[in-house]
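2 protein chains.
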Amino acid sequence: MDQNKAIKQLKAHGYKTTAKRKDMLTFFAEADGYRTAKDLINYLEPLYEGISFDTVYRNLHLFHDVGVLETTNLNGEKHFRFSCSQHHHHHFICKDCGKTKALDVCPMDDIRQSLEDYEIEGHKFEIYGLCPVCQEEWN
Amino acid sequence: MDQNKAIKQLKAHGYKTTAKRKDMLTFFAEADGYRTAKDLINYLEPLYEGISFDTVYRNLHLFHDVGVLETTNLNGEKHFRFSCSQHHHHHFICKDCGKTKALDVCPMDDIRQSLEDYEIEGHKFEIYGLCPVCQEEWN
DNA sequence: TCATATTATCGTAATGATTACGATTTGTAA
DNA sequence: TTACAAATCGTAATCATTACGATAATATGA
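From first to last, the protein sequence lines stand for chains A and B.
Counted from 1, the first sequence has number 10 at position 10 by the working numbering; the numbering is strictly sequential.
Counted from 1, the second sequence has number 64 at position 64 by the working numbering; the numbering is strictly sequential.
Listed below in structure tokens is the structure:
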């Protein structure tokens, strides 16, 4: 996912392109990892003094609904990042900087058979820790 | 984990046995799956009218700290269940009733090698859906 | 059994993230 | 340029969770 693709996605769904939305997408393009609503607000506040919670949260949900962002819950707080729509995979997530590393293995392949009677709607596999860069900063 | 073992754990850590704590443990023993703080409060309220949030949340955290409960975050809300301390495993979790099914596979085994430079602190693998019983109830 | 120190609980207020809403403004297509 | 739907504002409400000073209950040893 990148900014242009994201804007196309919005248009394709009949949503408008606004300066704020563009800047939100810039934020996530530069972030390259999971970020919170608060992170986004901090980024936008200097650009648009007094920007409304409504705007921020509504657009985060909108972006998620049209597939621009994916989301996960870390310590009870929602985190967002650009979707990796290529192929199904999971992530290592750095607790410090929020950046991710894609993992090719998906454990579901080996497990479906053992859950025949269960209706599977989704699954989550994440690894948490410190990326090499942030390890340095702790030493 | 069962009620007696849980009470022993509390004593071993110097915590007291109270009627409320016993009833909380009864709740989780009967629950046999993930439950929220609210679920617990609903269960306790008829027994102890006006029971304090402080009591409920403090004890949930205490139970977690001494290894009586394990916790996970579902839709932004903390859920608790008796720990399965035997050996490391993951769960299928029913979205309807919160009951779980243990999964023997742990994807970490295959993945550690590909994260040599990363400091791994934890991981999460959960499958969500409907258990056989709850599927029936939707038909 | 009883005193006492320590732990638990109460009642309630505060916090933090998120959602909601009527009024106003803005983007877009004709 | 107009008109209308969509977007945003400003702010209040909600929901889960945490915090705290005052009071009560438990466990231990005299």
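Every residue gets a Cβ at the ideal spot worked out from N, C-alpha and C, and that includes glycine.
Runs of alpha helix (DSSP H) with 4 or more residues, each lying fully within the segment 96 to 131 of chain B, are found at 108 to 111, listed in chain order. By the C-beta criterion, the segment 21 to 32 of chain B is judged not to be in contact with the segment 87 to 95 of chain B, since fewer than 3 inter-stretch pairs fall below 8 Å. Assigned with DSSP and collapsed to three states, residue 90/B falls in strand. Identification of chain B residues near residue 103/A by a Cβ-Cβ cut-off of 9 Å yields 107, 111, 114, 115, ordered along the chain. Any Cβ of chain A closer than 8 Å to the Cβ of residue 64/B would place that residue at the interface, and such an atom is absent.
Taking C-beta atoms as the reference points, residue 68/A and residue 9/A count as a pair closer than 8 Å. Straight through space, the alpha carbons of residue 126/B and residue 111/A are spaced by roughly 11 Å.
Considering only 133/A, 132/A, 134/A, 124/A, the residue with the shortest C-alpha distance to residue 72/A is 124/A. Counting only Cβ-Cβ distances below 7 Å, residue 79/A has no contacts in chain B at all, with the closest Cβ about 11 Å away.
Residue burial annotation: residue 47/A is exposed, with fewer than 16 other C-beta atoms found within 10 angstroms of its C-beta. Under a 10 Å Cβ-count criterion, residue 13/A is classified as exposed, with fewer than 16 other Cβ atoms of the shown protein chains found around its own Cβ. Chain B places no beta carbon closer than 8 Å to that of residue 10/A, leaving this residue out of the contacts. Runs of alpha helix (DSSP H) with 4 or more residues, each lying fully within the segment 39 to 73 of chain A, are found at 53 to 65, listed in chain order. Residue 16/B sits in coil when the DSSP states are folded into three classes, being neither helix nor strand.
Rounded to whole angstroms, the separation of the alpha carbons of residue 101/B and residue 15/A is 42 Å. Neighbours of residue 131/B in chain A, taken as residues at a C-beta separation under 9 Å, are given in chain order as 117, 118, 119. In the DSSP assignment, residue 35/A forms a beta bridge with 80/A. Inclusion of residue 44/A and residue 119/B in the CB contact set at 8 Å is not warranted, their separation being larger than that value.
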